[in-house]
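From first to last, the protein sequence lines stand for chains S and F. Just so you know, the first sequence maps onto residues 1 to 113 in our numbering. Just so you know, the second sequence maps onto residues 1 to 117 in our numbering. Working notes, beginning with the structure itself.
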Amino acid sequence: GAVVSQHPSRVICKSGTSVKIECRSLDFQATTMFWYRQFPKQSLMLMATSNEGSKATYEQGVEKDKFLINHASLTLSTLTVTSAHPEDSSFYICSAQGSYGYTFGSGTRLTVV
Amino acid sequence: AQSVTQLGSHVSVSEGALVLLRCNYSSSVPPYLFWYVQYPNQGLQLLLKYTSAATLVKGINGFEAEFKKSETSFHLTKPSAHMSDAAEYFCAVSDGSGGTSYGKLTFGQGTILTVHP
Chain S
1 GAVVSQHPSR VICKSGTSVK IECRSLDFQA TTMFWYRQFP KQSLMLMATS NEGSKATYEQ
61 GVEKDKFLIN HASLTLSTLT VTSAHPEDSS FYICSAQGSY GYTFGSGTRL TVV
Chain F
1 AQSVTQLGSH VSVSEGALVL LRCNYSSSVP PYLFWYVQYP NQGLQLLLKY TSAATLVKGI
61 NGFEAEFKKS ETSFHLTKPS AHMSDAAEYF CAVSDGSGGT SYGKLTFGQG TILTVHP
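Next up, the structure:
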């Protein structure tokens, strides 16, 4: 079946530094990649949608300069949290859309100290 | 615009009992509907999906859901709960943009299922 590999699973970084999260579709081509954020005991909130080779579309209220998304190939998308602050601490999940639906990564727990 | 409402943030059942997790949706176009399960600190796993074919959809692990257009509902059921079913469950709707594109997913608030021995 379709697999999306998301790394790292956990990361702790200092306030002001940047963190990159990668999502790779291992056995299919992801035409579209979605990035979500999930706060404790809450649902998933869509942050942005990216299509291979084009700029990401951000949801209202999401700072595009802070959450940089790159979707350079049909199998790789990255989310970079720039100048991270403690309020950016959250669980980030990617979802790749292939020909038969969505496949989710296993998530990245980001803690900014 | 589309939205999903999951009735009950917490559901508790005994092992072997019926599981019923409720989901109502709102969509301006014929929807695609999904149920996902999430275990702690993990991503989402698809249980089942409705994409305008049969209204009764069978999924993995003995779960099924019935699409009822008149009630705008897509409730998830399982005849007999197992301890391993304890997790958080999310109902989601997409606008099914057509072709191979499922569009954006909008998630419900989630329901935490607890299974007692």
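All C-beta atoms, glycine included, are put in the ideal place defined by N, C-alpha and C. None of these values were measured; they are calculated from a predicted model.
Contact between the segment 31-39 of chain S and the segment 83-97 of chain S is present: 3 or more CB-CB pairs across the two stretches fall below 8 Å. When secondary structure is reduced to three states using DSSP, residue 84(F) falls in the helix class. In this chain, the beta strand (DSSP E) harbouring residue 38(F) covers 32-38. Residue 66(S) carries a coil assignment under DSSP once its states are collapsed to helix, strand and coil. Neighbourhood of residue 109(S) in chain F, by CB distance below 8 Å: 41, in chain order. Within the segment 42-59 of chain F, those residues whose Cβ lies closer than 8 Å to any Cβ of chain S are, in chain order, 42, 43, 44, 45, 46, 49. Close to chain F, meaning a Cβ-Cβ distance shorter than 7 Å, are the following residues of the segment 92-103 of chain S: 93, 97, 99, 101, 102. For a Cβ distance threshold of 9 Å, residue set 43 of chain S lies close to residue 108(F), ordered along the chain. Taking a cut-off of 8 Å on C-beta distances, the segment 45-61 of chain S does not touch the segment 10-29 of chain F, as fewer than three cross pairs fall below it. In this structure, the CA atom of residue 109(F) is about 20 Å from the CA atom of residue 103(S). Going by DSSP, residue 60(F) is part of no beta strand (DSSP E) at all; its letter is neither H nor E.
Note: residue 68(F) is bridge-paired with 73(F) in the DSSP secondary-structure output.
When secondary structure is reduced to three states using DSSP, residue 22(S) falls in the strand class.
DSSP places residue 79(S) inside the beta strand (DSSP E), whose first and last residues are 76-81.
Among the residues of chain F, those whose CB is under 9 Å from the CB of residue 46(S) are 104, 105, 106, 107, following chain order. Spanning the alpha carbons of residue 75(S) and residue 66(F) requires a straight line of approximately 34 Å.
In this structure, residue 49(F) lies away from residue 62(F), with their beta-carbon atoms at least 8 Å apart. Per DSSP, the continuous beta strand (DSSP E) segment holding residue 12(F) begins and ends at 10-14.
For residue 49(S), at least one C-beta of chain F is nearer than 8 Å to its own C-beta. Comparing alpha carbon positions, the residue from 90(S), 45(S), 52(S) closest to residue 77(S) is 52(S). Beta-bridge pairing by DSSP links residue 50(F) to 33(F).
Among the residues facing chain S, residue 63(F) is not included, as its CB has no counterpart in that chain under 8 Å away. In chain order, 2, 93, 95 place their CB closer than 7 Å to the CB of residue 27(F), counting only its own chain and leaving out the 5 sequence neighbours on each side.
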